[in-house]
Structure formats: C-alpha cells, structure tokens
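Residue numbers (the working numbering): 389 to 649.
As structure tokens, the structure follows; a few thoughts come after it.
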Ligand SMILES: [Cu+2]
C-alpha cells in the first residue's frame, strides 16, 4: 500500500505520532530540570535562586501547544472517515486533507510563543508568533472546506456517527474561530487570562475531540464488538450530549456576563 492509499484516519494518527515523539520528551526534560532544581537547589526556573520562570513557560508551551494537536488531530481524522461514509461519496480533496494533518503537526511546533504575549517577549517575537499562528488556519480551513465539499449535494444519511460529525463541524467551528481572535496579537493582550481562552479551549476539546471520539465509537462499534448499538437510543443520546453542551455554555456565558468577568 502506498502513502496516498492510506485511510485518512491513519494519516491523522501518523501526524499525531510525529508530535508525540518530538514534543513529549521536552515535557520529560522539563520535569527532570524541575527535579534537579528542587533536589539540588540549582537555579533553573525559580528566580529566588537565580532561575528564570519565563524559561519554564517556554519549555511548558513548546510541549503543550503541540499537545493540543495530539488531542484534536485524531478527532479530525475520525471526522474525515465518517463524513464520506454517510455522504455516500469518496472524500473530496484526499491528498490535501492527508497533507494538512502533517502541516498542522509541523506548524504546531512554531507557535508556542502565542501563549506568552504578556510574558514580556519582544514585539518582534510576538508579531512573528502571531503570524505563524495564523498559518495554522490554512490546513485547518483546508480540512473544513473539504469536509463541506464532500457533503455538498451528496446523499446524506443522518445516522448517529454522522450526527456527531455534523455537531463537530458546528462546535469545533466555534472553537477554531475563537482561536483566530486569540492568535491576533493585539486582541490577545486583552483576552489573555480571561474566560474567553477557557471557552475557546473547551469548545476545541469538548466540541471537537470528545464529540469526534463519541462519533468514532459509534462508527466502529460493530467492528469492535461484533454487534450493533440501538440506532434510536444512539440518536437520542447524541441530541442530549449536544443540547447539554449548548445549554451549559449559554448558562456559563450568561453567568460570567452577569458577574462582569
Ligand atoms: Cu497554543
């Protein structure tokens, strides 16, 4: 089998694996440095003993921004399998979707500074990190528009996995678009450390990853366990999960607005 015959799910997991291999050791090294600091009193991160706390932020986010893509890329990969199946069509733009997973994995290593716009980094560095962050929108947009092109004028059947895939498009859409606000340097200075960031993150993780994983569990259920789930119960469960997400985000939004934060 050649590279471009691989299922898109495998491409997504491949891109995820690249990040896991290259990013996770940085977290491990940071932990070792922390242990050295605590055990032997060597000043690495603690300013009181001559360390630099911003250095910790650099190490932390060099791992933790790619870590977010470790979580969302498999979700996107699942959606790339579900949408063509329930649109009764081959995927539109296979090669671009496959390569966009790898592009997201690689660009993900160049953007960690967008978490540190208010940590005193230079205006030039902040501008470059902001620009590089916007680059992530290109492969992400390629995926979303190819999913929509696959669905366009197709014969869609709304079984449980497809219901999750469609709700992924809506909820992850909110997560992705709020990311553009946060990637913009001038806007992020004001949004840093507010609940806007928390909301963005949870739309990506709940509306994106969790919804996609629930769709994937239903999609592959019969393959995993040799029997089919009840379709009616599956659809009702999907509606309950979705409405609870919308209701809780509306309630928390109203709450924070009322409290003025
Ligand atoms: Cu980030």
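No residue lacks a Cβ here, since even glycine has one placed at the ideal position from N, Cα and C.
Residue range of the alpha helix (DSSP H) that includes residue i
i           : result
residue 451 : 441-474
residue 398 : 396-428
residue 599 : 599-613
residue 630 : 619-647
residue 564 : 548-571
residue 483 : 482-495
residue 538 : 525-539
residue 435 : From DSSP, residue 435 is part of no alpha helix (DSSP H); its letter is neither H nor E.
residue 591 : Careful: residue 591 lies outside any alpha helix (DSSP H) and carries neither H nor E.
7 Å Cβ shell around residue i - same chain, five flanking residues per side excluded
i           : result
residue 538 : 471, 472, 475, 477, 479 and 480
residue 424 : 430 and 432
residue 518 : 502, 571, 572 and 573
residue 460 : 592, 596 and 597
residue 454 : 407, 411, 496 and 497
residue 633 : 559, 594 and 595
residue 439 : 425, 431, 432 and 433
Same chain only: Cβ atoms within 6 Å of residue i, ignoring 5 sequence neighbours per side
i           : result
residue 442 : 507
residue 629 : none
residue 444 : 433
Supposed close pair residue i, residue j - CB separation, criterion 8 Å
i           : j           : result
residue 337 : residue 509 : The chain is shown from 389 up to 649; residue 337 falls before or after that span and cannot be answered.
residue 552 : residue 626 : 6 Å
residue 467 : residue 600 : 6 Å
residue 562 : residue 591 : 5 Å
Close Cβ partners of residue i (< 8 Å) along its chain, the five nearest in sequence each way excluded
i           : result
residue 534 : 479, 480, 481, 484 and 485
residue 406 : 490, 493 and 494
* Asked: Hey, is the segment 523-533 in contact with the segment 479-490, meaning 3+ C-beta pairs nearer than 8 Å?
  -> yes
* Asked: Is the segment 425-432 touching the segment 505-517, taking contact as three or more C-beta pairs under 8 Å?
  -> no
* So does the segment 606-616 actually touch the segment 564-583, counting three or more Cβ pairs closer than 8 Å? -> In short, these stretches do not touch, since the Cβ pair count stays below three.
* Asked: Near ligand 1, which residues have their beta-carbon closer than 7 Å to a heavy atom?
  -> 449, 453, 456, 499, 500, 502 and 503
* To do: Indicate whether the contact test is met: 3 or more Cβ pairs, each with one atom in the segment 583-602 and one in the segment 538-547, closer than 8 Å.
  => no
* **Given 8 Å, three or more beta-carbon pairs between the segment 409-423 and the segment 552-562** => no
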